[in-house]
Every structure is written in structure tokens, then in C-alpha cells.
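>
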Amino acid sequence: MNKDTNKVQFTVGKVDSGLTILLTSDYYIVEFPSLLLPHGIQTGSVLDISITRNYEAENKEKKDFQELQKKIHATFGIKKPIAPVLRVKNVTQTSVVLEWDPIELGTTELRSLTLYKNGMRLGKIPKATTTTSTKLSGLALNTEYSFQLVLKTSGGTYFSEFITVRTHKMTDLSGITVCIGELDENDKRELEQTIKKIGAKPIQSKVKIDTTHFITSRISGSEYKKAISMNIPVVTLDYIRSCDAEKKIVNVCKYYFGSDTFFEKQPADNFESIKNSQNSFSSITKRNKGIEDLEEGKFNNLVISDSVNLQASLSTDRASDEINRTLIRELSPRPISEEDEDNNLEN
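Heads up, the sequence shown is in full-length UniProt numbering, so the first residue is 1 and it goes up one at a time.
Here it is in C-alpha cells:
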């Protein structure tokens, strides 16, 4: 251990509880902690103080400081953001589902995560630190598209690789991704066989972002509600049967769960309340339509017939009133006033 030692002599000038005033031979004043001085000193006491430089401790502290600097640099200086890795999760005739790994920001702050289609900005990804997928609908049939994610951080901008996707033809059924609700075992087995036959995606038990259709036979369950909230078509098993029969994507409209075609095939006790509600709605719609036609002067046969029946009913009511008035006059022992006649008619 290499040490340099200097010895200095001091005279105690004043002693306080916290600090002691020391004087050098050339009258320099030094404030020194009283706790570090020998016990029993007082004003006028002479002290010899040795000062030594400790190189060993100095080198150790320097080494510890350098190691700390390296750790800080490794943690905050080397770990940079990573460019997003974009992937295709599913493709249909009119939609594409894209996914990516959670973004790595390193020690930087997020500015934005933006999706581009064919070089044009589509928009920012909401909740970019947690969102890892998105669905793009309304695409053209059998058309090629390119997509890219752009990550902007406080440490710079990072781009994903371009990915190219072509939407499916009408005859390509591989994009169909079905989630099932309540189905009996026979229907489940048939659905599994048909899905495998047409080359569609495996059946899902939970509604996900890439779900294209929800098949059920009853209105119940959390997955059914989730499908409704995500605007996923809720259809019957007949839809998949028709796709298999025609070897192409068919129009989903007439296969919606709750359509007339579907109710005709169901037991009455399963959907009685739904059917009654549907009939009530249909009746109200027809009644409103008749009123609109009447206002527009479209006097069809039904409206004319109703008008004739109404006039005949009014004429009959007037004739009955006259007969009642005559009988009252004939049977009454005294003249009856108009007020009494009205009261009798009301009763």
C-alpha cells in the first residue's frame, strides 16, 4: 500500500460542541469536527494531525465507479428499440388480419405506431404498447396489397419489412374461420367434416379478431354476445353447407341466424318468443306502410276495402242511435230532454 503522509501541528483556539477552531503556526484558521479530536482538549491545547493519502482505497473506488458506468451504459445506452415484425394472420375475399409482436422500445419513449397500406398512411394503432393485431375490411376481391408498420420513438423511427397480401377469389374457402356456439353433437361433427373438406381454418371455441363467422342454434352465451359486439355474422350451419355445395363463398344474408328460412326448420318451442317478436315487428311495419301509402294517395284494394268497411260501420252506428232515440221517446212517460238522451246513449 503506497501512502504519502504529512504531519501538521495545530493550536486549539476555541472548543464548541460541534466544531473546534484550530490555528496553524502561520495563523490559518481550520474548522475541525470536535468528535474527531482527543478527549479533554481545551483552548491552547497543541495537536499534531497526520494526513495520509490512501491509494488502495482510491483505486478501489475508481474501479467501482467505472463498473457502475458500464452497467448504466449497457442498460440505457445499448438497448435500442426493435423494428416491428409484421405478419399475416388471416386473409379472406374482402379482409386481412395482421399481427405483430409487442413493440420493443428499449429505453426510449413511444411517439406513435402507424400502419401503411400501399405506401399510404391508414392511421395510428390505438393503445400501441398492448395492441398486437388489427383487421382491415372492405378490401377488393382478388387484389394485391402491401402493408408496413412504422414505429416512431424518442430515439428514432423504425420500419417493419413490407408484406404483400392478395385477397382470395370467390372459390377460395381457406379464409373461413368459424367459431361455434351451442350446437348438438351431430351438427358439430358435420361442421368439422365440412370445414376440413372445404379447406377452411380449424374451428374456434372463442371469438377472436380473425373469426369470420359464428355458428349457433340458440341465442345464448358470452361468445354469442361477443360476436354480435364485433359485428361478426351469426349464421346457421346451412351457410357452410351451401359453401361446400357451390364450392365458393355464398351470400351470407339469407343464412343469418333468426331469418325465416332458419325458423322454418326449428322446433316451435326453441324460438317461439323470437318468432312472435319478429311477427309483431312485421305487423307494425306493414301497418306503417299502409299509412304511408294512404298519405301519398296510393289507394290500393286493401285500403279501399278498409275505407268501405269503416263507412258501413259508421252508418250502422248512426242507425242504431236513431232507433234507440225513437224507443226512448215511445216508452218514456215524460218528455226527454236532449241532455237525457245523450246520457242514455252513453250508458
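Don't be surprised by glycine CBs; every beta carbon is placed ideally from N, CA and C.
1) Per DSSP, which one or two residues make a beta bridge with Asp-48?
2) Secondary structure at Asp-244, three-state DSSP: helix, strand or coil?
3) Per DSSP, what are the beta-bridge partners of Lys-135 in this structure?
4) Count the other CB atoms, across all protein chains shown, that sit within 10 Å of the CB of Tyr-27; report buried if there are 16 or more and exposed otherwise.
5) Using 8 angstroms as the Cβ pair cut-off and three pairs as the minimum, do the stretch 145-159 and the stretch 96-111 touch?
6) Under a three-way DSSP split, which group does Thr-194 fall into?
7) Can you list, in chain order, the residues of its chain whose CB lies under 6 angstroms from that of Glu-161, leaving out five sequence neighbours each side?
8) Could you say which of Ile-203, Val-252, Gly-181, Phe-10 lies nearest to Lys-225 if we only look at CA atoms?
9) For Asn-6, collect the residues of the same chain with a Cβ closer than 6 angstroms to its Cβ; drop the 5 residues on either side in sequence, then sort them by chain order.
10) Buried or exposed: His-73, going by 16 or more other Cβ atoms within 10 Å of its Cβ?
11) Would you call Asp-184 buried or exposed, if buried means 16 or more other Cβ atoms sit within 10 Å of its Cβ?
12) Where does Glu-182 sit, in a helix, a strand or coil, going by DSSP?
13) Thinking just about the alpha-carbon of each residue, which of Leu-98, Ile-176, Ser-45, Lys-197 is nearest to the one in Lys-14?
14) DSSP on Gly-77, reduced to helix/strand/coil?
15) Indicate whether Phe-112 and Lys-71 have their beta-carbon atoms separated by less than 8 angstroms.
16) For Ala-117, which of helix, strand or coil comes out of DSSP?
17) When the Cα of Ala-245 is compared with those of Val-234, Glu-223, Lys-197, Phe-257, which residue comes out closest?
18) Could you give the distance in angstroms between the alpha-carbon of Leu-173 and the alpha-carbon of Lys-79?
19) Taking the alpha-carbon of Ala-140 as reference, which of Ile-176, Lys-169, Ser-25, Leu-47 has the nearest alpha-carbon?
20) If you measure between the beta carbons of Pro-126 and Glu-104, is that distance less than 8 angstroms?
21) What distance in whole Å lies between the Cβ atoms of Val-252 and Pro-233, which are believed to be in contact at a cut-off of 8 angstroms?
22) Looking at C-alpha atoms only, which residue of Phe-214, Thr-92, Phe-32 is the closest neighbour of Tyr-239?
23) Give every residue of the same chain whose Cβ lies closer than 7 angstroms to the Cβ of Arg-121, excluding the five residues on either side of it in the sequence, and list them in chain order.
24) Given a cut-off of 8 angstroms on the beta-carbon distance, is the pair Cys-179 and Val-150 in contact?
25) Should Val-165 and Val-88 be called a contact, given that it needs their Cβ atoms to be closer than 8 angstroms?
26) Just the C-alpha distance for Gly-199 and Ser-217, rounded to the nearest angstrom, thanks.
27) By DSSP, does Phe-65 sit in helix, in strand, or in coil?
28) Near Met-230, what residues of its chain come up, given a Cβ to Cβ distance below 7 angstroms and the 5 sequence neighbours on each side ignored?
29) What is the DSSP secondary structure of Leu-35, reduced to helix, strand or coil?
30) From Lys-209 to Thr-236, what distance separates their C-alpha atoms?
On the basis of the data shown:
1) Gln-9
2) helix
3) Val-97
4) exposed
5) Output reads yes: the stretch 96-111 touches the stretch 145-159.
6) helix
7) none
8) Gly-181
9) Ile-51
10) His-73 comes out exposed.
11) Asp-184 comes out exposed.
12) In the displayed model, Glu-182 falls within coil according to three-state DSSP, outside both helix and strand.
13) Ser-45
14) helix
15) Sequence check: residue 112 is Ser here, not Phe. Contact: no.
16) The residue you asked about is not Ala; residue 117 is Lys in the sequence shown. Residue state for Lys-117 is assigned as strand, using DSSP reduced to three classes.
17) Lys-197
18) 44 angstroms
19) Lys-169
20) 8 angstroms or more divides the Cβ of Pro-126 from the Cβ of Glu-104.
21) 5 angstroms
22) Phe-214
23) Thr-114
24) In this structure, the beta-carbon distance from Cys-179 to Val-150 does not fall below 8 angstroms.
25) yes
26) 23 angstroms
27) helix
28) Val-207
29) DSSP places Leu-35 in helix when its eight states are reduced to three.
30) The identity of residue 209 in the sequence shown is Ile, whereas the question assumes Lys. Rounded to the nearest angstrom, the gap between the Cα atoms of Ile-209 and Thr-236 is 20 angstroms.
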